[in-house]
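Step one of this worksheet: look at the structure below.
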Amino acid sequence: MLFNSLQYLVFLPTVFFLYWVLPQKARVPLLLVASYVFYCSWRPIYGLLIFGLTLANFLIVPYIDKAAKAEGGKHVFSPKVWLGITIAVNLITLGIFKYAYFTMDTIKGGLGLFGVTWNEPHLHIILPLGISFFVFEFIHYAMEVYRGKPVVKSFSALALFASFFPTQIAGPIKRYQDFVPQLTEKIKFKWEYLDEGMQLILMGLCKKVLLADNLALVVQAGFAHPENFSSVDMWLITYAFAFQIFFDFAGYTDIARGSALLFGYKVPINFNLPYLAANVADFWHRWHISLSTWLRDYLFIPLGGSRGSKWLNYRNLFITMALGGLWHGAAMHFLAWGAYQGIVLILHKEYVRLLDAIGVGKQLKESPALAKVYHVFSVIATFHIVCVGWVFFRAEDMKTAGVIITKLLQVPADLMHFSAAQLAVLQIRDPIIFPALLVLLPILMIAQPVVNWLNDKTIYKNPPWALQVSVMVALMCIITIFSPDSSPSFIYFQF
Amino acid sequence: MKRRLSSAITAITAFLFLNLALSFFAPIKFNPFNYPYQGWGWWSFHDLRATQEIHNVALLGSSLMVAAVNNCDANYLNRPLNLTEHHRSFYLDDKLEATFKGKFRSYNLAGPGQMPSDAYLTLKGMLSTAHRPDVVIYGVAPRDFIDSQLSSPTDTEPFHFLSRLVSTDDCAGGLFRDPLGRLSWFINRNLYFAHHAIDWQMLLERKTNRILSILTPLPYGSKPYTFWQRTAILPKYKAGEIHPNAVITHPVTKEVAKATFKDNTGEYKERYKRADRHTYATQLYFLGKLANLCKKERIELILVNMPIARENINVLGAPTYLDYVSTLKERAYALNIPFYDLNFFYLYNTDLYHDYVHLNAFGGAKFLDSLVSVLNSDPRAQLAMQMAGRELWKQEQMNKLATPVNDATDSIHRLKEKLIEHNLIQTSSGHGSISKLREIVKQEGDRLRRQIGARLNKNKQGNEQDLDDEPGVAM
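Chains A and B, in that order, are what the protein sequence lines are. If you read the first sequence in our numbering, its first letter stands for residue 1, the second for the next number, and so on. If you read the second sequence in our numbering, its first letter stands for residue 1, the second for the next number, and so on.
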């Protein structure tokens with residue numbers, strides 16, 4: 001069931017209505033049933049997968065706690081072993097469903113290098129929706145219990161934590177210590193839940209159907225046929241993808257958060273104006289926040305984090321980001337994207353060291369004006385570094401990514417004798433998003449600092465009632481007009 | 001502090017009221033013929049509206065009918081045919097005239113993938129935008145009833161376009177297989193912005209285009225991307241669009257036809273593989289709707305089972321095919337419409353096919369020959385065709401008479417002779433003045449128009465309409 005489908009338009013109000021008319025004790029079971037209905041509407045059989053994994057975690061994770069509390073280590077296994085078993089169960093499941101083909105392809109390619117041909121079996125595996133998200137939630141739960149946090153005693157609470165339909169398919173990745181207590185809170189209906197929830201849902205849908213879906217046309221053409229576009233075109237197309245993926249995923253997250261809020265639940269934010277990041281580390285504090293904090297807490301830190309030598313730190317950073325890339329999809333270009341992020345994070349650390357060594361860091365601290373100029377430069381530079389990374393992310397394969405990167409690098413030479421006639425985006429008059437790019441992209445770029453500035457203003461945080469109503473009506477009109485039956489699903493659904 | 005009303009509830013209420021108000025006052029009258037792209041249905045209806053001619057035979061069917069008629073005509077006329085413009089079967093018209101006498105002018109409303117649900121809306125579209133034909137020849141094949149690539153009648157491109165031209169209220173019961181489909185239809189039918197979503201998209205696109213032509217104009221010296229360049233980089237964008245020169249049928253020799261034969265078994269394995277009873281029953285329901293519509297409009301519907309090769313039947317399975325044919329026979333009998341199974345295996349070898357379902361030029365000619373032959377051998381169809389031919393012939397004659405008359409004595413004389421020939425006046429004496437004669441011609445013309453059901457005035461008005469949307473009454 002997609003958030004931008006008619007099914008969801010029926011499903012959500014029905015669950016919302018039932019949730020608030022039913023007594024408190026029936027609400028969690030209702031949400032659990034609704035979440036399984038939501039999941040099974042795609043492929044009923046995969047309901048067993050999420051149920052089985054929940055059951056496995058519910059049964060195994062308490063042993064971590066028991067082993068930790070057992071006096072004198074009188075337990076069959078140590079907490080670490082139980083943790084290892086739990087993680088293995090989760091990762092093996094993820095590996096089978098998500099990485100089986102990738103592993104076989106990699107082995108086949110490796111054998112091919114030695115002249116060995118191997119006909120890999122066809123496993124008929126279809127990637128279950130949201131598996132990467134709920135597996136990460138289970139691992140987080142096990143890790144936290146290992147670190148001494150309490151075990152979830154109620155099966156239905158753990159089951160709902162993993163299957164909660166607003167966040168089930170593409171996050172945000174929740175933390176059980178934030179989510180589970182909300183299940184037992186006695187909450188009464190507040191109109192604010194409906195008002196704020198609906199605002200978020202409408203904003204999210206609008207980001208998806210108006211911006212992401214239209215930008216997708218440009219991106220689709222550019223990444224499939226880079227040979228038809230000049231280097232300047234390719235930069236514009238890459239910017240377009242940067243905004244497409246942002247609006248697609250941020251739109252999804254808004255709908256998820258809004259849907260959760262309708263039931264009085266708060267789920268974490270995932271984005272904080274990521275394209276205003278002043279460096280790549282800052283970008284990862286603003287982009288897909290629930291994933292980056294997960295990677296930090298359950299991969300980077302267990303690997304050793306920033307402890308130890310500089311090179312150990314860099315190794316940990318690289319492994320974390322590369323695996324983070326692979327988490328997005330079982331393909332080499334995702335691994336390359338992750339590795340690229342790892343490398344630019346390491347280079348950024350070295351760059352900061354260099355600035356400090358030559359005294360620029362001190363100068364920036366002393367001169368606010370210079371710091372401001374430097375900040376603007378940093379934001380622009382970071383945006384472009386991130387954009388280059390998106391090429392690996394979006395390209396169908398490494399070869400195409402290479403072609404596009406080469407083209408992007410040609411831009412200084414092409415700009416020397418640039419004329420508007422070279423721009424293919426101006427020659428493609430239908431769909432109009434192509435010529436509109438030259439207007440839309442600057443608007444989207446300017447909108448980032450404007451929103452940042454507005455964030456502190458009362459009119460933005462708490463707009464007048466009439467303005468809220470007007471904006472919601474306008475959004476409803478826009479969504480009704482621009483919601484085609486053929487609207488593609490959200491990009492992050494595939495992960 | 002007193003609490004305000006919920007902004008969400010207020011917004012939903014305001015949105016519904018806005019829709020209601022816009023439906024009621026309709027500030028913009030949208031032209032239903034405006035469509036984001038020009039697909040097969042658009043071209044057929046665009047030309048049908050544009051022509052002032054009356055067609056007494058309408059052809060319906062899927063690509064099987066399209067291929068048979070057009071391939072045959074390309075050879076018959078010995079010139080390439082642009083299928084966005086060629087909507088007539090000259091070969092069939094000439095055959096019909098030779099067999100049944102009178103005048104025949106066919107209009108080919110068959111389209112690739114047309115299912116009975118599309119055929120029903122197509123005929124409704126013809127009746128509401130142009131005129132009533134006397135005879136409808138509908139060529140069907142098993143795929144039209146069971147194509148697993150189209151689970152709902154609302155999935156097809158013709159349906160999307162035609163549902164803008166005609167109401168689907170009367171067939172809503174057969175359109176959906178689940179309550180969500182019905183809900184979607186209900187929303188689209190009753191919510192102004194959903195009902196006019198395409199119109200608003202096009203309107204906003206036009207406005208945006210105007211702004212963009214100023215802000216980001218086409219650079220001097222460069223040319224806009226052509227249809228071909230665009231489809232090369234965005235093949236799925238406006239997938240149903242047909243460029244005026246995109247589909248051209250060329251005359252072929254027997255050798256060329258044989259050499260270009262294609263095996264399309266794989267495609268049909270896909271189409272037949274998930275055939276389900278629901279789709280089958282739905283399409284039979286629409287066949288019934290089509291027959292009832294024809295009965296109501298006094299149109300003779302002739303149902304024809306199109307030739308397909310044995311190889312294709314093997315993919316479907318012989319028992320299923322026989323079941324399909326017998327069901328069609330039964331249904332036609334129940335609906336009281338003539339049904340002819342023209343899939344004569346002895347007549348069509350693979351040399352007459354372009355692939356295992358589409359006839360080439362020679363197969364098409366053979367099919368049309370056997371069609372005319374069976375029509376002539378059935379007294380009911382024969383009578384229907386003779387009447388249709390005669391009515392159009394009379395109409396043509398009257399039109400010819402009415403236009404070039406002047407006051408010159410010899411013209412009046414000739415006119416009188418024609419009127420006597422048609423038994424409209426008794427003798428050449430009397431009815432002296434030209435105005436009296438013209439009145440007789442006019443009366444006869446009106447009578448024929450009523451009989452044929454021509455809606456030329458409406459047609460004319462439609463053509464004079466500006467293609468852009470205009471203020472007025474909508475929905």
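We put the beta carbon where it would ideally sit given N, CA and C, even for glycine.
Asked: Contact with chain B by A:A436, beta-carbon distance below 8 Å; Found: yes
Asked: Entirely enclosed beta strand (DSSP E) segments - the region 13–61 of chain A, minimum 3 residues; Found: none
Asked: Nearest-angstrom beta carbon gap, B:M65 and B:M306 [assumed within contact, 8 Å]; Found: 7 Å
Asked: is_contact[A:Q499, chain B] using C-beta, thresh 8 Å; Found: An answer regarding residue 499 of chain A cannot be provided, because it is not within the stretch 1 to 495 covered by chain A.
Asked: A:H285 versus B:Y237 - alpha carbon distance; Found: 37 Å
Asked: Where B:K269 falls: helix, strand or coil (DSSP); Found: helix
Asked: Rounded separation between B:Y192 and A:E227 - CA only; Found: 43 Å
Asked: Span separating the alpha-carbon of B:L342 from that of B:N19; Found: 51 Å
Asked: Chain A contact for B:G453 (CB, 8 Å cutoff); Found: With a pLDDT of only 49 at B:G453, under 50, the local geometry of the prediction cannot be trusted, and the value read off the model is given with reservation. So no, B:G453 is outside the interface.
Asked: Neighbour list for B:A68 in chain A, Cβ cutoff strictly below 7 Å; Found: What B:A68 touches in chain A: nothing, since even the nearest Cβ is about 32 Å away.
Asked: Cβ contact check for the region 122–129 of chain B and the region 283–294 of chain B: 3 or more pairs under 8 Å; Found: yes
Asked: Whole-angstrom distance between A:Y314 and A:I346, CA atom to CA atom; Found: 6 Å
Asked: C-beta neighbour in chain D for A:T54, strict 8 Å; Found: Absent from the structure is chain D; the protein chains it does hold are A and B.
Asked: N- and C-terminal bounds of the alpha helix (DSSP H) containing A:A216; Found: 213–224
Asked: Cβ of A:P431 within 8 Å of any chain B Cβ; Found: yes
Asked: Helix, strand or coil at B:K29 according to DSSP, with G and I counted as helix; Found: strand
Asked: Nearest-angstrom Cα separation, counted from B:K416 out to B:I425; Found: 8 Å
Asked: Contact check, B:E157 vs B:G39, beta carbons under 8 Å; Found: yes
Asked: Rounded Cβ spacing between A:Q427 and B:P224 (contact assumed at less than 8 Å); Found: 6 Å
Asked: With 16 other Cβ atoms within 10 Å as the buried cut-off, status of A:K208; Found: buried
Asked: Inter-residue Cα distance where the pair is A:T184 and A:F241; Found: 41 Å
Asked: Closest Cα partner of A:I564 within the set A:Y99, A:H288, A:L32; Found: Outside the displayed range of chain A (1 to 495) lies residue 564 of chain A, so it cannot be described from this structure.
Asked: Exposure of B:K103, with buried meaning 16 or more beta-carbon neighbours within 10 Å; Found: buried
Asked: Where the alpha helix (DSSP H) containing B:S62 begins and where it ends; Found: Note, B:S62: premise wrong, no alpha helix (DSSP H); not H, not E.
Asked: Three-pair Cβ contact test at 8 Å for the region 61–68 of chain A versus the region 107–120 of chain A; Found: no
Asked: Paired residues, beta bridge with B:T249 - DSSP; Found: B:L81
Asked: Cα-Cα separation, A:F3 to A:L200; Found: 13 Å
Asked: Boundaries of the beta strand (DSSP E) in which B:L301 is found, first to last residue; Found: 300–305
Asked: Chain-ordered chain B contacts of A:V10 [CB-CB under 9 Å]; Found: P179, L180, L183
Asked: Contact set between the region 13–28 of chain B and chain A, restricted to residues whose Cβ is under 8 Å from the partner; Found: A14, F15, L18
Asked: Partner residues on chain B for A:M472, Cβ-Cβ distance less than 9 Å; Found: S7, A8, T10, A11, I12, A14, F15
Asked: Which listed residue (A:A70, A:L59, A:M1) has its alpha carbon closest to that of A:W42; Found: A:M1
Asked: Proximity winner among B:P379, B:R49, B:H196, relative to A:I478 (alpha-carbon distances); Found: B:H196
Asked: For B:D276, the three-state DSSP class (helix, strand or coil); Found: coil
Asked: According to DSSP, residues forming a beta bridge with B:L359; Found: B:Y353
Asked: For A:F377, the nearest candidate out of A:G112, A:K266, A:N279 (CA to CA); Found: A:N279
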